[in-house]
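Undergrad: Reading the sequence shown from the start, the letters are residues 0 to 346 in numbering that gives the first Met the number 0. Ideal Cβ positions, reconstructed from N, Cα and C, are used throughout, including at glycine.
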Amino acid sequence: MGRIILHIDMDAFFAAIEERDNPRFAGKSIDIGADPKGERGRGVVSTANYEARKYGIGSAMPISWAYKANPDAIFLPPDFRRYSASSRNIMAILGKYAKKMQQVSVDEAYLEVTGSKLQVTSYKKAEEIARKIKKEIWEKEKLTCSIGIGPNKLIAKIASDEQKPDGLTIIKPNQVKNFLDPKLASVIPGIGPKSFAALKDIEVETISDLRKIPKEKLVEQFGVHGNQMWAMARGQDERIIEEEREIKSVGKQTTFQHDIKTSGPIVKAAFELLHGVFGELKESGLSGKTLIIVVRYAWFETHTSQETQDEALTLKDAKRLCLKLLLPYLGKERIRLVGVRISGLFN
Ligand code: TTP
Ligand code: MG
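1. Kindly provide the chain-ordered list of residues whose Cβ lies closer than 5 Å to any non-hydrogen atom of ligand 2.
2. Give the single residue among A232, Y82, L312, T303 whose Cα lies nearest to the Cα of L142.
3. Which whole-angstrom value describes the C-beta separation of A230 and I206, a residue pair presumed to lie in contact below a C-beta threshold of 8 Å?
4. Along the chain, where does the beta strand (DSSP E) containing E348 start, and where does it finish?
5. Since I believe E242 is in contact with K99 (beta carbons under 8 Å), could you give me their beta-carbon distance rounded to a whole number of angstroms?
6. Thinking just about the alpha-carbon of each residue, which of I128, D78, I170, A65 is nearest to the one in I92?
7. Can you tell me the Cα-Cα spacing of I148 and I259, whole angstroms?
8. Are the beta-carbon atoms belonging to E271 and A297 less than 8 Å from one another?
9. With a cut-off of 8 Å, do at least 3 Cβ pairs link the stretch 292-308 to the stretch 332-346?
10. Counting only beta-carbon separations shorter than 8 Å, does V223 have a partner in chain C?
11. What does DSSP give as the partner residues of M100 in its beta bridges?
12. Taking the straight line between their C-alpha atoms, what separation do you get for L255 and T120?
13. Report yes if the CB atom of V43 is closer than 8 Å to the CB atom of I56, and no otherwise.
14. Report yes if the C-beta of A197 is less than 7 Å from at least one heavy atom of ligand 1; otherwise report no.
15. Measure from the alpha carbon of S58 to the alpha carbon of each residue in P164, G250, I31, Q101, then state which is nearest.
16. In the DSSP assignment, find the unbroken alpha helix (DSSP H) run with G278 in it and report its ends.
17. Let me know the beta strand (DSSP E) ranges lying completely inside the stretch 47-83, each 3 residues or longer, listed in chain order.
18. In this structure, how does DSSP classify I157 when only helix, strand and coil are distinguished?
19. Taking only the alpha-carbon atoms, compute the straight-line gap between G278 and Y54 and give it to the nearest angstrom.
20. Taking only the alpha-carbon atoms, compute the straight-line gap between A51 and K323 and give it to the nearest angstrom.
21. In whole angstroms, what separates the C-alpha of S304 from that of C321?
22. Compute the minimum distance between the beta carbon of A72 and the heavy atoms of ligand 1, and state whether it is under 7 Å.
23. Just checking A14 against ligand 1 - is the residue's beta carbon closer than 7 Å to any of the ligand's heavy atoms?
24. Using the Cβ count rule (16 or more neighbours within 10 Å means buried), how would you classify N346?
25. Helix or strand or just coil, what does DSSP make of Q308?
26. So is the beta-carbon of S58 under 7 Å away from any non-hydrogen atom of ligand 3?
27. So for G330, helix, strand or coil by DSSP?
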């Protein structure tokens with residue numbers, strides 16, 4: 000028999016934690032993210048609670064737009080320490096329900112419940128597990144999540160988004176086609192805004208449209224990704240649950256209050272970010288060999304540049320490299336954002 004996969008995704012995660020911890024926020028719109036500073040704030044919304052989403056506010060939207068949409072909302076800076084603590088507790092709960100688990104972000108994980116210690120052999124059993132998970136997360140963390148159940152990661156993930164918040168959606172193999180058909184092709188992983196625009200040019204909007212395009216044509220247009228698009232349009236997804244919870248990189252970025260051209264403050268900001276990144280690496284007992292920098296100009300053109308050294312980077316090495324990598328971008332155009340990231344991590 001085939002696999003049964005659960006995808007668990009917490010509802011309005013950062014905002015839900017703030018609501019939980021501040022009962023006076025009950026029923027109010029909450030935007031987590033950059034300081035709106037009236038309408039002059041820069042940077043973006045990390046997330047908004049469901050009340051705020053009624054105003055069209057959502058992740059990655061400029062904070063100034065969120066302010067314009069609803070100036071009466073409660074605006075809060077993210078408090079990652081509290082969110083990480085909650086995330087760890089939730090992942091520990093999930094880990095008890097299946098042998099195979101893959102955490103994919105701070106608030107999201109896949110569980111494979113077939114072949115697990117609980118020996119799930121039916122969707123009915125999988126549903127019972129999902130209900131137990133929801134109950135335990137609610138009792139221990141006072142947070143809600145949405146869960147999707149399906150024959151693979153693709154279906155489980157799309158299903159978890161189907162009835163947010165506090166949803167539970169079960170899609171059995173014989174329901175996959177009807178479930179996928181009306182959905183936009185862009186719900187398929189790998190079909191980002193660019194590919195979706197290209198698909199629209201050939202009159203593909205929904206997954207049912209996508210299924211009508213021959214595989215050869217998709218491969219011709221999208222290369223190897225075409226194969227995956229073709230299979231996923233049919234609800235097929237062989238991706239396994241990857242159990243190692245490996246951190247691949249640690250990075251931070253900052254948007255300046257005003258676009259700046261002078262080198263001093265840009266370098267200073269980058270160095271401060273590096274201090275933060277090295278603090279996190281130390282906490283996780285990790286070192287890395289590669290430094291990546293990101294520079295975004297005032298008009299949003301974004302550049303990255305990277306260098307790898309043979310041994311683990313010390314903070315001092317990273318600062319020296321950072322300066323070298325930043326130099327070509329300094330003193331020319333006004334800069335909006337700078338970011339640093341260390342990758343090639345090892346223990
Ligand atoms: P999501 O699961 O994408 O969003 P969410 O949990 O807030 O809301 P939903 O109910 O729709 O799942 O992301 C989890 C957290 O990650 C979110 O609470 C904040 C953070 N995040 C950002 O900081 N920036 C982003 O662009 C996104 C998408 C998320
Ligand atoms: Mg979420």
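TA: Judging by the given coordinates:
1. D8, M9, F12, D106
2. Y82
3. Rounded, the Cβ-Cβ distance is 12 Å, inconsistent with contact.
4. The requested residue 348 does not occur in the structure, where the chain is confined to residues 0 to 346.
5. 6 Å
6. I128
7. 48 Å
8. no
9. yes
10. The question asks about chain C, but that chain is absent: this structure has only one protein chain.
11. L110
12. In the sequence as displayed, the identity of residue 255 is Phe instead of Leu. If you take the alpha carbons of F255 and T120, they lie about 54 Å apart.
13. no
14. no
15. I31
16. 262-283
17. 73-75
18. helix
19. 37 Å
20. 43 Å
21. 10 Å
22. no
23. yes
24. exposed
25. coil
26. Among the ligands present in this structure, namely ligand 1 and ligand 2, ligand 3 is not found.
27. coil
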